[in-house]
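**Student:** Quick note: the sequence shown uses the working numbering, first residue 1, plus one each step.
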Amino acid sequence: MYFRDIPGKEKEKAYLLSNAKGDRLAHAQLFLGRTGSGQLPLALAFTSFILCKERTDNDSCGKCSACLKSHKLIHPDIHFSFPVVKKDGKNRNETTSNDFLTEWRSIIKINPFLDIKTWLHSLNLENGQANINVKECVEIVKKLGLKTFESDYKVLIMWMPEYLKNEGNRLLKLIEEPPENTIILLVAEKQDAILNTILSRVQLLKVNPFSDDEIKLHLEDKYGIAQKDSDQLVGIASGNMNTAIHLANQDTVNYSDSLFQWLRIAYKMEPVELGKWVNEMSSWGRENQKNFLEYGLHFFREYLFSLITGRKNLRLNEYELSIAQKMTSLLDISKTEQLISIFNDCIGSVERNANPKILFLADSLSIGRVMRNMSVGKEIYTV
Ligand SMILES: [Zn+2]
């Protein structure tokens, strides 16, 4: 991984570069940021930079013998540790990161911004209980006790130390007084889920979420997403590059058109048209339905924000803005809040595997009622 492949993050990169070039490298560093903020790619780029034999001022060269291995995650002086689940044919307590290195390398190649869900999904083991177990900790201590093979440093990258329970205390001495030429990089999302004893022994690098522009640029550059579509994806992703990449990898569906079509149909409540729409929506996969609903939530949140504050700097593209403009005569603050709650509930139902035909029909009727101001029970409360 190169630093230049990670959009933005100027502050974080400057800190890491100066750390690497300084006299004394921090021997234990925590990269902490919200899910999808790029802390793992930063740790990988940092590691390649440290080991590179012909680095430039601000990145690894990509060509030297160290880079040829570090960029492929096969350098013998780079050790990885991450949460795993029980591997087939193995005892749960016997399964360690070593058993999943091939899978780890392939997913990082596809998406280094991954979160734990993406990781377990890539293994087809979403339902497993992931952890970093005692055996793993013992192996880490052993591995880092060895001499370096090819470089001046050996590096441990531990992804998600949140999954270390009390066995993490076995690593304390290692973190406090690492063996010579050893660098420990912890890559995490939730500070309060990390053992305090570990937290107090590491240097903290806070990694900020990506800005919309950084995500847009990355999607357009690396995934060839058209500008109109990237505007929409960015809105749903809210600074999370992992989500943005998921959306970019799906068949591109124009969610805004589908959303406005739904509102129109729900408002008219014409049975044949409504039936057709419900069938169409039910044929979408669950993930796609969820993304569509998330998009709807994003749109209504922005719309509500503009109704309340009167501000015009919304995270919507021109097309969405023009529709939002037209809606103001139809949807006021209270109705918009009701729609947001319908969309929220609908996402929950999709996640719980509700029957999509029943769900989308019922929600179409609810949306229609809200838009036409016929909310059930309202007559009871108003004179
Ligand atoms: Zn190099």
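Just so it is clear, CB atoms sit at the ideal spot from N, CA and C, and this is done for glycine as well.
#1: Thinking C-beta only, is Pro41 closer than 9 Å to Ile215?
#2: Taking the straight line between their C-alpha atoms, what separation do you get for Gln191 and His246?
#3: Ends of the alpha helix (DSSP H) at Ser70?
#4: Please give the ranges of any beta strand (DSSP E) in the segment 231–297, keeping only runs that are unbroken, at least 3 residues long and fully inside the region.
#5: May I ask you to list the residues that DSSP assigns as paired with His79?
#6: Quick one: is Asn373 buried, meaning 16 or more other Cβ sit within 10 Å of its Cβ, or exposed?
#7: Do Thr197 and Val155 have their C-beta atoms within less than 9 Å of each other?
#8: Would a C-beta distance cut-off of 9 Å place Asn279 and Thr35 closer than the cut-off?
#9: At a threshold of 8 Å, does Ser122 count as lining ligand 1 (C-beta to nearest heavy atom)?
#10: Once DSSP output is grouped into helix, strand and coil, what is the label at Gly348?
#11: Pull up the DSSP beta-bridge partners for Gln325, would you.
#12: Taking 9 Å as the threshold (C-beta atoms), are Leu186 and Ile140 in contact?
#13: Which residues mark the beginning and the end of the beta strand (DSSP E) in which Asn9 is found?
#14: Ignore the nearest five residues each way along the sequence and tell me which others in Ser151's own chain have a CB closer than 7 Å to its CB.
#15: Tell me whether Lys216 sits in a helix, a strand or coil according to DSSP, three-state version.
#16: Applying the criterion that 16 or more other CB atoms from any shown protein chain within 10 Å of the CB defines a buried residue, is Gln29 buried or exposed?
#17: Quick check: the Cα distance between Tyr153 and Lys147, rounded to an integer number of angstroms?
#18: Can Met160 and Ile184 be called in contact, C-beta distance under 9 Å?
#19: Taking 8 Å as the cut-off, is the beta-carbon of Lys53 closer than that to any non-hydrogen atom of ligand 2?
#20: Should Ile342 and Ile308 be called a contact, given that it needs their Cβ atoms to be closer than 9 Å?
#21: Of the residues Val350, Asn169, Gly168, which one's Cα is nearest the Cα of Gly285?
#22: Report whether the distance from the Cβ of Ser60 to the nearest heavy atom of ligand 1 is below 8 Å.
#23: Kindly give me the distance between the Cβ atoms of Leu144 and Pro112, rounded to whole angstroms, as I take these residues to be in contact under 8 Å.
#24: Counting Cβ pairs closer than 8 Å, one from the segment 355–362 and one from the segment 310–317, do we hit at least three?
#25: Does the Cβ-Cβ distance between Trp277 and Ser211 come in under 9 Å?
#26: Take the Cβ of Val84 as the centre, count every other Cβ of all protein chains shown within 10 Å, and call the residue buried at 16 or more, exposed below.
#27: Give the DSSP-derived three-state secondary structure of Gln338 in the structure shown.
#28: State yes or no: is the C-beta of Tyr223 within less than 9 Å of the C-beta of Ile236?
#29: Under DSSP, the alpha helix (DSSP H) around Gly368 begins and ends at which residues?
#30: Identify, in the order they occur along the chain, each residue of the same chain with its Cβ nearer than 7 Å to the Cβ of Asn19, setting aside the five sequence neighbours on each side.
**Tutor:** According to the structure data:
#1: Taking 9 Å as the Cβ cut-off, Ile215 and Pro41 do not qualify as a contacting pair.
#2: Cα-Cα distance, rounded: 25 Å.
#3: Where Ser70 is concerned, the enclosing alpha helix (DSSP H) stretches over 65–70.
#4: Segments of the beta strand (DSSP E) lying fully in the segment 231–297: there are none.
#5: Beta-bridge pairing links His79 to Leu156.
#6: It is exposed - the Cβ of Asn373 has fewer than 16 other Cβ atoms within 10 Å.
#7: Not in contact: Thr197 and Val155 (Cβ atoms no closer than 9 Å).
#8: No, the pair does not count as a contact, with Cβ atoms beyond the cut-off.
#9: For ligand 1, not one heavy atom lies less than 8 Å from the Cβ of Ser122.
#10: Shown here, Gly348 sits in a helix according to DSSP, grouped into three states.
#11: Paired residues: none, contrary to the question.
#12: In this structure, Leu186 does not lie closer than 9 Å to Ile140 by Cβ.
#13: According to the sequence shown, residue 9 is Lys rather than Asn. First-last for Lys9: undefined, no H or E at that position.
#14: Here the set comprises Leu51, Ala66, Asp77.
#15: Helix, per DSSP.
#16: By the 10 Å Cβ count, Gln29 comes out buried.
#17: In this structure, the straight-line span from the alpha carbon of Tyr153 to that of Lys147 is close to 9 Å.
#18: No. Outside cutoff.
#19: Because ligand 2 does not appear in the structure shown, any question about it cannot be addressed here, the ligands present being ligand 1.
#20: Taking the C-beta atoms as reference points, Ile308 is found no nearer than 9 Å to Ile342.
#21: Ranking Val350, Asn169, Gly168 by CA distance to the CA of Gly285 puts Val350 first.
#22: Within the cutoff, so yes.
#23: Wrong, their Cβ atoms sit about 23 Å apart, outside the cutoff.
#24: Judged by Cβ distances under 8 Å, the segment 355–362 makes no contact with the segment 310–317, as fewer than three pairs qualify.
#25: Contact: no.
#26: It counts as buried.
#27: Here Gln338 carries a helix assignment [DSSP, helix/strand/coil].
#28: Not closer than 9 Å, so no.
#29: Note, Gly368: alpha helix (DSSP H), 356–371.
#30: Counting only Cβ-Cβ distances below 7 Å, and skipping sequence neighbours, we find Leu25, Ala26.
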